[in-house]
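Numbering (my numbering), first residue to last: 165 to 494. Encoded as structure tokens, the structure appears first; notes follow it.
Here's what the structure looks like:
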């Protein structure tokens, strides 16, 4: 009997040790984090808005955490390839995603077979920035403002067209929402990116385009395009003459393309907190803010919960737009 009791005690002790190992390993890994380079995955090509933002953040964040932050472009499926890669990565803080409106809150409405869940697959770390869109027309268009565009649409012998950077893109869905709010019918023309859409607008092949600030603002400044409105809450300093949607006469039309850092679900809270703190410090740097402003974006420091709240609200918004406009992608 004593031998049996001793054996039982040894078994219990071994079991307790075994259970403690993962917790100890987790604590150790969090305690010395980071001890090697960190990957920041971008689901879009180099040179685009998401990529540029990622590289700005990587440089500033790397200075603060004492490790290189390597931007890795994993493109395809409107950002779903990169997001899926991060969702399935080890939850150790060494693989992060710079998610955005499209990859996290629009894709789930359009692609039911995604390899990731926008809420369950990730641990929000923090917002980085946000940037509005412009509603653009050709400078020779009879529409000088929103009222003029609505009048043009009402008188046109055939339906007006609007272009975007692709079916299911933020530009596409914003255009659908714009048409609904304006009470006009527009036919969507998808392009392979914002640049060709803008080129065709300048050439008169489409009547309107919805596009972001980096591509369109310089063309507005030089008179090659006319902006009917900007979707931000306030006017942009770089194009002060362009009214906000509210000023132009369209209510409830504040839309920002947001960028935020996410880690795989299950990442230790202390690592999330560490990254969030240093991301916010990076966003407070004047150089970082100035570089973001060049892209028409503003830094948006905040908590992981704040990013989680944005994701929740955006999922609800774009789900409604996709359903009401009956948007389909192939």
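No residue lacks a Cβ here, since even glycine has one placed at the ideal position from N, Cα and C. The structure presented is a predicted model; accordingly, all values stated were derived computationally and were not measured.
Inter-residue Cα distance where the pair is residue i and residue j
| i | j | result |
| --- | --- | --- |
| residue 397 | residue 435 | 33 angstroms |
| residue 296 | residue 433 | 31 angstroms |
| residue 329 | residue 385 | 21 angstroms |
| residue 400 | residue 462 | 10 angstroms |
| residue 340 | residue 367 | 22 angstroms |
| residue 494 | residue 402 | 37 angstroms |
| residue 409 | residue 230 | 43 angstroms |
| residue 451 | residue 427 | 25 angstroms |
| residue 237 | residue 210 | 7 angstroms |
| residue 282 | residue 378 | 27 angstroms |
| residue 320 | residue 374 | 20 angstroms |
| residue 429 | residue 253 | 9 angstroms |
| residue 472 | residue 298 | 26 angstroms |
| residue 257 | residue 359 | 35 angstroms |
| residue 177 | residue 431 | Residue confidence is low: residue 177 scores 46 on pLDDT, short of 50, so the model does not pin down where it sits. Its coordinate-derived value is still stated next. Distance between the alpha carbons of residue 177 and residue 431: 28 angstroms. |
| residue 363 | residue 480 | 33 angstroms |
| residue 185 | residue 194 | Below a pLDDT of 50, predicted positions are generally treated as unreliable, and residue 185, at 43, falls in that range; the measurement from the model is reported next regardless. Those two C-alpha atoms are separated by around 14 angstroms. |
| residue 491 | residue 337 | 8 angstroms |
| residue 349 | residue 456 | 35 angstroms |
| residue 476 | residue 287 | 13 angstroms |
| residue 437 | residue 420 | 25 angstroms |
| residue 187 | residue 198 | For residue 187, the predicted model reports a pLDDT of 43, less than 50, meaning its position is unreliable and no value from the coordinates is stated. |
| residue 417 | residue 365 | 22 angstroms |
| residue 382 | residue 376 | 11 angstroms |
| residue 355 | residue 277 | 24 angstroms |
| residue 312 | residue 411 | 14 angstroms |
| residue 407 | residue 380 | 15 angstroms |
| residue 440 | residue 255 | 16 angstroms |
| residue 474 | residue 196 | 31 angstroms |
| residue 509 | residue 268 | Since the first residue of the chain shown is 165 and the last is 494, residue 509 is not available in this structure. |
| residue 310 | residue 405 | 14 angstroms |
| residue 280 | residue 240 | 14 angstroms |
| residue 444 | residue 361 | 35 angstroms |
| residue 454 | residue 202 | 25 angstroms |
| residue 342 | residue 272 | 21 angstroms |
| residue 387 | residue 351 | 25 angstroms |
| residue 291 | residue 357 | 25 angstroms |
For residue i, the residue or residues it bridges with in DSSP
| i | result |
| --- | --- |
| residue 420 | 296 |
| residue 353 | 327 |
| residue 462 | 294 |
| residue 264 | 423 |
CB contact flag (residue i, residue j, <8 angstroms)
| i | j | result |
| --- | --- | --- |
| residue 158 | residue 235 | The chain is shown from 165 up to 494; residue 158 falls before or after that span and cannot be answered. |
| residue 392 | residue 303 | no |
| residue 353 | residue 395 | no |
| residue 207 | residue 246 | yes |
| residue 263 | residue 334 | no |
| residue 372 | residue 300 | yes |
| residue 448 | residue 465 | yes |
| residue 293 | residue 423 | yes |
| residue 327 | residue 370 | yes |
| residue 344 | residue 483 | no |
| residue 346 | residue 308 | no |
| residue 274 | residue 486 | yes |
| residue 216 | residue 459 | yes |
| residue 270 | residue 332 | yes |
| residue 224 | residue 470 | no |
| residue 322 | residue 306 | no |
| residue 228 | residue 442 | yes |
8 angstroms contact criterion, which residue i and residue j should meet: CB distance rounded
| i | j | result |
| --- | --- | --- |
| residue 204 | residue 249 | That belief does not hold up - the Cβ atoms of residue 204 and residue 249 are roughly 12 angstroms apart, past 8 angstroms. |
| residue 226 | residue 233 | 4 angstroms |
8 angstroms Cβ cutoff, residue i in contact with chain D
| i | result |
| --- | --- |
| residue 210 | Considering every chain present, this structure includes no chain D. It has just one protein chain. |
Sequence ranges, beta strand (DSSP E) only - wholly within the segment 192-261, length at least 3: 202-206 and 233-237
Length-filtered (3 minimum) beta strand (DSSP E) runs lying within the segment 387-447: 390-394 and 420-428
Ordered list of beta strand (DSSP E) runs contained in the segment 274-351, each at least 3 residues: You should have 286-301 and 324-328.
Residue ranges of each alpha helix (DSSP H) within the segment 353-379, 4 or longer: 358-366
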